[in-house]
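Numbering (my numbering), first residue to last: 6 to 183. We put the beta carbon where it would ideally sit given N, CA and C, even for glycine. These figures come from a predicted structure and were not determined experimentally. Comments concern the structure below.
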Amino acid sequence: MRNYIGNVITFAVAETSVEGIRRLPLPGVASMVRESIKSAVNDEHFQELVDWVEEHKGAAKYVETATVGVGSPVLSVSSLASFRLDTDFGFGQATLVTWLDEMELEKEEEKEMDWGRLSSGFVKIVARPGGSRWFFGMSIWPSLAAAFDSDEQHIFKPLTAEYLGLVAGAKNSRASRL
């Protein structure tokens, strides 16, 4: 599957409580994430996905439960880490490699069903080709943002210049969250 390029995406899912994560040291959390990814990232799994897509092509979409946050809130972190950022498709290397959010496309097309409105959020991480900069983007639906804001433990904090220690006395901005 190394040479396959297509529109098949899978999610590595691990479930635990906030308290379970807080009890673990950072290497323990990293290990939990690594094990979740290892269970989903193998040639057999991706071949099954490709075969399934080929068999079920058509107008209907298949959306994994983890994508829409059914049952519990979902915060998905994705990165284009497996895509070589220095790839040259014959017209030079890219200046920027970024993602395209399918939910945003559906919103623009004003589709009848908006898959992402239940309780999900996506954090996307992309490296700038040839440089040491990273770009972060986040799409989060209001119901999940409200749940994060009402959480007593305040895991997500406003990302401001003051919070980052860049400017003394900067006003809090709720536009970005970390």
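Three-way DSSP call (helix, strand, coil) for residue i in this model
i: Val-128; result: strand
i: Ser-22; result: coil
i: Leu-171; result: coil
i: Ala-17; result: coil
i: Gly-33; result: helix
i: Val-58; result: helix
i: Val-46; result: coil
i: Phe-96; result: coil
Residues of its chain near residue i, where Cβ-Cβ distance is below 6 Å and the 5 sequence neighbours each way are ignored
i: Thr-41; result: The sequence given here has Ser at residue 41, not Thr. Excluding sequence neighbours, Ser-41 sits near Ala-17, Ala-19.
Beta-carbon contacts of residue i that lie in its chain and below 8 Å, excluding the five residues immediately before and after
i: Val-172; result: Ala-166
Exercise. Can at least three beta-carbon pairs, one atom from the stretch 49-59 and one from the stretch 23-33, be found at a separation below 8 Å?
Worked result: Taking one beta carbon from each stretch, the stretch 49-59 and the stretch 23-33 have fewer than 3 pairs nearer than 8 Å; the two do not touch.
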